[in-house]
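One point on numbering: in the working numbering, the residue at position 134 of the sequence shown is 134, and numbering is uninterrupted.
Input: a single structure, listed below in structure tokens.
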Amino acid sequence: MITIIAATNRPHSNTLKVAKYYQKQLKEKGVETNIFSLEHLPVDVLNTDMYGKRSDEFQKIQDMISDTEKFLFIMPEYNGSYPGVLKVLIDACNFPDSFYDKKAALVGVSSGKYGNIRGVEHFTGVCHYIHLHILPLRLHIPNIKTELNEAGDLIQPDTIKFTNEQIDKFIKF
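Written out as structure tokens, the structure is:
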């Protein structure tokens, strides 16, 4: 199973639009995925699911993570890195088996001109620690507001080219 993680808890985010775009492109290539937006984390996850505790609500998320073989993380830039809510997800999941020896692709998005380069790099370090293997082609999509049309599709030819390349490599990965 492939799970696309929209790594923000911001409602109606551009991150979720990009996640849905990737899902649509993967489906066109015959690959089924599911999306998990971090806006659906339990509200009280810091108190109910950290340090060995497990709520029924988070157990469903843990089961999805455990059943996933490949992850596609779409990460917006928050204060020069990735969102803290993504780290909360990683920390709340069972360690080490949730991500150990699984595979992932990383996509950074930002409203600025660098496409969350630092955040993707920071998260790569976390992925290495939890033994999550990263596809070498990591993408950075800057100026995200100019990249998406009203339907949520990417519209810039070079971005479409690189996302297609990443998707093809991710399928084979």
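The beta carbon of each residue, even a glycine, is placed where N, CA and C say it ideally should be.
Since this is a predicted model, take the numbers as computed values, not measurements.
Look at the Cβ atom of residue i, then the Cβ atom of residue j, and state whether they are nearer than 8 angstroms.
i	j	result
methionine 75	alanine 7	yes
proline 142	tyrosine 114	yes
valine 88	valine 126	no
leucine 106	phenylalanine 73	yes
tyrosine 21	aspartate 153	yes
isoleucine 171	valine 18	no
Where do the ends of the alpha helix (DSSP H) carrying residue i lie?
i	result
phenylalanine 58	56–67
leucine 135	Premise fails: leucine 135 is in no alpha helix (DSSP H) and is neither H nor E.
proline 157	157–172
aspartate 239	In the structure displayed, the chain extends from 1 to 173; residue 239 sits before or after that span and is not available.
asparagine 47	45–48
Roughly how many angstroms lie between the CA atoms of residue i and residue j, to the nearest whole one?
i	j	result
threonine 48	leucine 148	37 angstroms
threonine 15	serine 111	11 angstroms
methionine 1	threonine 146	31 angstroms
phenylalanine 173	proline 96	21 angstroms
leucine 139	isoleucine 61	26 angstroms
Taking the alpha-carbon of residue i as reference, which of the options has the nearest alpha-carbon?
i	options	result
lysine 103	Val109, Asn79, His133	His133
alanine 92	Lys17, Leu41, Val18	Leu41
glutamine 156	Gln166, Ile144, Lys172, Ile167	Ile144
aspartate 193	Phe162, Thr3, Glu165, Arg138	Since the displayed the chain opens at 1 and closes at 173, residue 193 lies outside it and no answer follows.
phenylalanine 36	Ile160, Asn116, Met64	Met64
isoleucine 90	Gln25, Phe170, His131	His131
leucine 38	Ile160, Asn94, Tyr82	Tyr82
leucine 86	Phe58, Asn9, Ala151	Asn9
phenylalanine 99	Thr124, Gly152, Val31, Arg118	Thr124
Following the continuous beta strand (DSSP E) through residue i, name the residue where it begins and the one where it ends.
i	result
asparagine 34	33–37
leucine 72	70–76
threonine 8	No beta strand (DSSP E) holds threonine 8; DSSP gives it neither H nor E.
Just to confirm the assignment: which complete beta strand (DSSP E) runs, minimum length 3, are found wholly within the segment 95–126? If you keep only unbroken beta strand (DSSP E) runs of at least 3 residues inside the segment 95–126, you get 103–109.
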